[in-house]
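Beneath this line is the structure, given in structure tokens, with notes to follow.
2 protein chains.
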Amino acid sequence: MIELSKAEFEVLDALWQDYPATASQIIARLSDEKQWHEKTIKTLLGRLVKKGALSFEKEGRQYIYSPCMERAEYTLKESQNFIERFFSGRIAPLVSGFAKSEQLSQQDINELKKVIDDWEKQQK
Amino acid sequence: MIELSKAEFEVLDALWQDYPATASQIIARLSDEKQWHEKTIKTLLGRLVKKGALSFEKEGRQYIYSPCMERAEYTLKESQNFIERFFSGRIAPLVSGFAKSEQLSQQDINELKKVIDDWEKQQK
DNA sequence: AAAAACTGATTACAAGTGTAATCCTAAATA
DNA sequence: TATTTAGGATTACACTTGTAATCAGTTTTT
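These protein sequences, in sequence, are chains A and B.
For the first sequence, the numbering used here assigns the number 56 to the initial residue and increments by one for each residue that follows.
For the second sequence, the numbering used here assigns the number 56 to the initial residue and increments by one for each residue that follows.
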């Protein structure tokens, strides 16, 4: 699995919002949430390319970036990894921890029910 | 939140197995799963103390270590953090991702149902 | 008592990370 | 055309992390 740092992920996440995109578009998107210097973001873009998380095409003297994988694919792998490390690969204890500490809303519960429902239909 | 590295967490996890414990007990526990040198584990213990994740008492010339927080408390915070970063704080999309990629077993589903059930009883 | 072994403390060192600044070249502007 | 500017490439630098080795003092062993 490609290992991304937190900052790298945030840049990739900005690209996932809408791609392909140029560096300056990505910088513009991030400027709302982060106080990163433009140079910082370019460094991170370079590292993402080096790690194989992004590809680009030249257009004039600019690069047009695209992610090399889908967000869902990446977050699924990260999730598996996380759940393996902290909960021996089982997902229920994570949810249970949230429930016990009253971190679950009725909406969460409804959404979870729907996920279960869909899963069961799928099995049939 | 105290930030622990992967290696640090594994050492702390070994301590959570049973504590208080001495360095050599922790080293013994870890020797099954990891090929870490004894010195490496002691370094990690030192870093955990420095970060405030462990405390110790002297007993003769040894230290008897204890974790400064419970495992459930730590994993809950990590989970919140994770879900915030990757799923904007909502837990269902994580579970849904697992479901879609066929990572959920019937047992997982049963456990999740139970969590939901308990939550609903709690609400009443 | 001298040597060996064990404990924690200190030091080491490369790779990764956050956070840019500087350099170099091409394009835009004055 | 001379200069400023915008883009990417290269360099920087402190802090963290993985992974120990060395040091220094105290028990054990011989």
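Heads up, the beta-carbon is just placed ideally off N, CA and C, and yes, glycines get one too.
Look up residue i in the DSSP assignment and give the residues it is bridged to.
i              : result
K113 (chain A) : A:Y118
T77 (chain A)  : A:I119
Taking C-beta pairs closer than 8 Å, name the residues in chain B that residue i reaches, listed in chain order.
i              : result
D163 (chain A) : R145, I146, A147
L59 (chain A)  : Result: empty, since nearest Cβ-Cβ is about 11 Å, beyond 8 Å.
Under 7 Å, do residue i and residue j count as touching if we go by C-beta distance?
i              : j              : result
I119 (chain B) : T77 (chain B)  : yes
A62 (chain A)  : I81 (chain A)  : no
R126 (chain B) : W71 (chain B)  : yes
F137 (chain A) : F64 (chain B)  : no
S110 (chain A) : P75 (chain A)  : no
S156 (chain B) : L131 (chain A) : yes
With a threshold of 8 Å on Cβ separation, who are the neighbours of residue i within its own chain once the five nearest residues in sequence on each side are excluded?
i              : result
F141 (chain A) : L149
S86 (chain A)  : none
K113 (chain A) : I119
Just to confirm my understanding: we take residue i, look at its own chain, exclude 5 residues before and 5 after, and list those with CB closer than 7 Å. What are they?
i              : result
I57 (chain A)  : K106, G107, A108
G115 (chain A) : none
S134 (chain A) : none
For residue i, return the contacting residues in chain A, with the cut-off set at a CB-CB distance below 8 Å.
i              : result
W174 (chain B) : A154, L159, I164
K168 (chain B) : I171
List the residues of chain B whose Cβ lies closer than 7 Å to the Cβ of residue i, in chain order.
i              : result
E133 (chain A) : F141
For residue i, return the contacting residues in chain A, with the cut-off set at a CB-CB distance below 7 Å.
i              : result
A127 (chain B) : G152
F137 (chain B) : F137
Please compile the residues from chain A whose C-beta is within a distance smaller than 9 Å of the C-beta of residue i.
i              : result
T130 (chain B) : F141, F142, P148, L149, G152
Inset, instruction - Pair every Cβ in the segment 162–177 of chain B with every Cβ in the segment 148–165 of chain A, then say whether three or more of these pairs are closer than 8 Å. - result: Short answer: they touch.
Legend entry - Contact the segment 101–116 of chain B vs the segment 95–105 of chain A: 3+ CB pairs below 8 Å: no
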